[in-house]
Amino acid sequence: MTHDEITTLDPAGGRVLNSTEVTRRSALLERIVATPPTPRRRTRRAALAGVGTAVGLLVAGAVFAPVAATATWTLQPTHPTEEQSLQMGTDCAENWDAGIDWPAVTSDDILLSERRGESGLTIMRMGATVIQCTDIGSGSPGWEALGDGYSAAPGRIMTMSRGTSGDPGASQYSSITGLAGEGVTGVDVIGFDGVIRVQATVESGWFTAWWPGGSGGDVEDQDTVTVHTEAGSTSFTLDEISTDPGGTVQPSSPDRPHVRVASALFTQTVGDYEGRWAVEDGWVIQSFEEGDTLVSTGSSPLEEVAADSVISFGFVGGFESEATGKVYAQLTGQAGPDVTAMRVESASGVVTDAALVDGIWGAVWAAGDESVEYGAATIEFDTVGGTQQVSTDDVDAIASRE
Amino acid sequence: MYDEAFLDVTRFVERRVESDAEDIVSGVFLTAWRRFDDAPPDARPWLFVIAKHEIGNHRRSLFRRTNLDVRLSQEPPPGMTDQVSLDRWIDLTRAWASLTSRDREVLALTAFEGLGPDAGASVLGIRRTTFSMRLARARKRLDSALGNGAPHDRPLTAADVPTAQELITP
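So the protein sequences, as listed, match chains A and B. In terms of numbering that gives the first Met the number 0, the first sequence opens at residue 0 and continues consecutively. In terms of numbering that gives the first Met the number 0, the second sequence opens at residue 0 and continues consecutively.
Pasting the structure below:
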């Protein structure tokens with residue numbers, strides 16, 4: 000499949016403007032410049048659990064409502080009836096991805112649902128993905144994929160998404176969503192003025208809160224969050240409970256709940272980037288950190304591997320450091336007992352000696368050409384019988400499981 | 000900027016809506032004018048983001064509850080006349096149709112809009128590496144669909160949406 004072949008599908012590939020359209024283009028410009036440019040009020044949406052987060056259809060997340068919907072907003076949420084909750088979940092699923100025949104939504108899929116006046120918010124699990132749908136009275140909820148694979152420490156919360164959506168005006172709202180650790184009974188968002196902006200809903204290990212607002216309701220860095228437990232209440236700044244867009248735990252978060260491979264079977268380092276691998280309870284677990292900052296974790300169940308063969312867990316993935324701008328790549332898998340050494344050649348041609356210990360192998364490297372780096376790679380491995388090469392396409396254990 | 004971008008935005012919109020493209024394009028440039036101070040040096044991705052919002056607004060006004068998706072050319076390219084090429088093109092359209100809207104979007108931004116990883120990522124509001132990984136995955140699925148039939152006769156999995164896990168085992 001080539002790039003040129005894909006362009007043959009372009010419905011507007013040969014599109015040019017005809018003379019009428021050129022005239023209209025000029026007329027439009029005249030109309031536009033006749034209106035004064037309006038200073039833009041701030042509209043932002045910070046998706047904080049980033050690599051794990053897809054702001055789904057930013058469009059959908061940013062378009063709502065009729066004034067009446069936000070006008071009926073309440074500081075305290077109410078819990079919908081089961082019937083309402085199921086309907087909200089069904090609407091959410093339909094908007095999540097058209098064209099996919101999902102099984103009917105059940106109450107087991109819904110992690111959290113709340114209503115504030117005419118508006119509803121749902122957090123639910125769709126397959127292996129957690130999504131949040133916010134319907135500010137439009138009947139067509141915008142969705143956002145939330146990072147998964149994280150957990151909040153007992154009595155703590157972790158923000159997975161926060162920000163302001165929508166154009167300034169009655170349809171704009173701000174929100175904060177994240178994980179609530181064991182024992183968390185309530186969460187209040189406190190504005191910089193000390194006033195409670197909103198009381199969150201806490202359910203199934205998640206918390207969420209939203210409130211109407213343009214500039215006055217924006218999530219500001221000086222806002223704080225008060226977390227309630229039976230033992231008492233504790234306030235945190237937003238930075239203290241946030242992950243950054245790379246899924247990075249801020250160094251200021253002392254009780255980081257991510258699972259760092261503490262006792263590594265082996266490690267591999269490139270520059271400031273280190274991969275750590277271990278085996279626990281039948282799983283290969285991995286963590287990657289840049290400097291002292293954990294940037295990602297992952298796991299995959301151990302597979303049966305023939306003595307003279309190798310498997311990969313997926314294909315080449317990577318990490319882009321916001322701090323340094325450096326881009327890294329990584330790959331992990333298993334090898335049979337006859338395999339003595341391994342190398343990974345990425346699609347951009349970067350060759351890396353993989354670390355191989357007890358049948359587990361892993362490699363990290365500085366990414367080459369990013370446009371091709373992430374994807375299939377060639378694995379070269381040595382056995383007493385000689386050297387072989389395979390593509391991750393042929394030995395991808397995750398693809399096989401699917 | 001206006002003259003250069005007008006056709007690009009028109010194409011972007013027409014790739015995603017069947018009608019009313021002219022109204023949407025007008026809205027894009029009106030919004031862009033209001034936010035002119037925010038325009039980056041490379042305005043195309045920025046305009047495309049505005050266009051996505053305009054399309055979304057438009058869809059909602061029509062009570063359409065569908066996600067943004069990329070349309071498919073209904074005709075083979077002019078000049079494609081030999082049967083082998085036409086058969087291949089038909090296979091390709093079927094493979095394209097079997098993808099998720101997200102796969103189509105990332106492929107279209109690259110192949111149709113001609114955006115690189117940085118610009119494409121900014122249009123989707125995701126990181127460059129995530130865009131690259133999503134693109135690699137979409138290409139793989141398209142290849143798979145061409146060779147092995149539609150691979151998406153299955154529910155979405157974590158592999159369809161980047162997760163933290165994707166960093167390690169995409």
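Every residue gets a Cβ at the ideal spot worked out from N, C-alpha and C, and that includes glycine. For clarity, every value in this text was computed on a predicted model and none was experimentally measured.
| query | result |
| --- | --- |
| State the CB to CB distance for the pair Thr-7 (chain A) and Pro-76 (chain B), rounded to an integer number of angstroms; the pair is presumed to be in contact (CB under 8 Å). | 5 Å |
| Could you tell me which of A:Val-21, A:Ile-109 and A:Thr-339 sits nearest to Glu-202 (chain A), measuring between CA atoms? | A:Ile-109 |
| Classify Arg-161 (chain A) as helix, strand or coil using the three-state DSSP reduction. | strand |
| If contact is defined by three or more beta carbon pairs under 8 Å, each pair taking one atom from either stretch, is the region 115-125 of chain A in contact with the region 77-95 of chain A? | yes |
| Counting only C-beta atoms, is Phe-47 (chain B) closer than 7 Å to chain A at any point? | no |
| Using 8 Å as the Cβ pair cut-off and three pairs as the minimum, do the region 4-18 of chain A and the region 379-392 of chain A touch? | no |
| Using a Cβ cut-off of 9 Å, pull out every chain A residue sitting near Glu-13 (chain B), in sequence order please. | Pro-10, Ala-11 and Arg-14 |
| Out of A:Gly-317, A:Ala-152, A:Arg-161 and A:Ser-174, state which residue places its alpha-carbon closest to the alpha-carbon of Gly-204 (chain A). | A:Ala-152 |
| With a threshold of 7 Å between beta-carbons, can Tyr-373 (chain A) be considered close to chain B, or not? | yes |
| What does Ile-5 (chain A) reach in chain B if we use C-beta pairs closer than 7 Å? | Leu-106 and Ala-110 |
| Would you report the Cα separation of Arg-24 (chain A) and Phe-5 (chain B), rounded to the nearest angstrom? | 8 Å |
| Identify every residue that forms a DSSP beta bridge with Leu-350 (chain A). | A small correction: the amino acid at residue 350 (chain A) is Val; Leu does not occupy that position in the sequence shown. Answer is A:Glu-344. |
| Spatial neighbours of Glu-289 (chain A) within its chain, please: C-beta separation below 6 Å, excluding the five flanking residues on both sides. | Asp-271, Tyr-272 and Ser-320 |
| Looking only at its chain, what residues have a beta carbon closer than 7 Å to the beta carbon of Asp-395 (chain A), apart from the 5 residues adjacent to it on each side? | Ser-311, Gly-313 and Phe-314 |
| Along the beta strand (DSSP E) that carries Tyr-327 (chain A), what are the first and last residues, could you check? | 326-334 |
| Residues of the region 259-277 of chain A with a CB closer than 9 Å to any CB of chain B: list them in chain order, please. | Gly-274 |
| Determine whether the Cβ of Ala-135 (chain B) lies closer than 7 Å to any Cβ atom of chain A. | yes |
| Please give the ranges of any beta strand (DSSP E) in the region 263-288 of chain A, keeping only runs that are unbroken, at least 3 residues long and fully inside the region. | 265-269 and 272-279 |
| Would the C-beta of Met-132 (chain B) count as close to the ligand SAH, meaning under 6 Å from any of its heavy atoms? | As far as ligands go, the structure on display features none, and thus does not contain the ligand SAH. |
| Go ahead and label Ala-362 (chain A) buried or exposed: buried means 16 or more other beta carbons lie within 10 angstroms of its beta carbon, across all protein chains shown. | buried |
| Who are the near neighbours of Arg-103 (chain B) in its chain, counting only those whose CB is closer than 8 Å to its CB and skipping five residues on each side? | Asp-68, Val-69, Trp-95 and Ala-137 |
| For the region 315-327 of chain A, which residues have a CB atom closer than 8 Å to at least one CB atom of chain B, in sequence order? | Val-315, Gly-316, Gly-317, Phe-318, Glu-319 and Val-326 |
| For Ser-232 (chain A), collect the residues of the same chain with a Cβ closer than 6 Å to its Cβ; drop the 5 residues on either side in sequence, then sort them by chain order. | Thr-225 |
| List the residues of chain B that Ile-310 (chain A) touches, going by C-beta distances under 8 Å, in chain order. | None at all; the shortest Cβ gap to chain B is about 11 Å. |
| Is there at least one Cβ from chain A nearer than 7 Å to Arg-127 (chain B)'s Cβ? | yes |
| Compute the Euclidean distance between the alpha carbons of Leu-108 (chain B) and Arg-259 (chain A), then round it to the nearest angstrom. | 36 Å |
| Please say whether Glu-53 (chain B) and Ile-23 (chain B) have beta carbons closer to each other than 7 Å? | yes |
| Any beta carbon of chain A sitting closer than 7 Å to that of Met-132 (chain B)? | yes |
| I think Ala-50 (chain B) touches Phe-111 (chain B), with their Cβ atoms under 8 Å apart; what is that distance to the nearest whole Å? | The Cβ separation is near 13 Å, so there is no contact. |
| Express the C-alpha separation of Ile-89 (chain B) and Ser-143 (chain B) in angstroms, rounding to a whole number. | 15 Å |
| For the beta strand (DSSP E) holding Glu-319 (chain A), just list the boundary residues, first then last. | 316-319 |
| On the three-state DSSP scale, how would you describe Pro-44 (chain B)? | helix |
| When the Cα of Leu-91 (chain B) is compared with those of A:Glu-143, A:Leu-74 and A:Thr-1, which residue comes out closest? | A:Thr-1 |
| Since Ser-329 (chain A) and Gly-348 (chain A) should fall inside the 8 Å C-beta cutoff, what is the C-beta to C-beta distance between them, to a whole number of angstroms? | Inspection of the sequence shows that residue 329 (chain A) is occupied by Gln rather than by Ser. So it is not a contact: roughly 17 Å between Cβ atoms. |
| If you draw a straight line from the C-alpha of Thr-89 (chain A) to the C-alpha of Leu-301 (chain A), how long is it? | 35 Å |
| Taking the DSSP output, what are the residues bridged to Ala-261 (chain A)? | According to DSSP, Ala-261 (chain A) bridges with nothing at all. |
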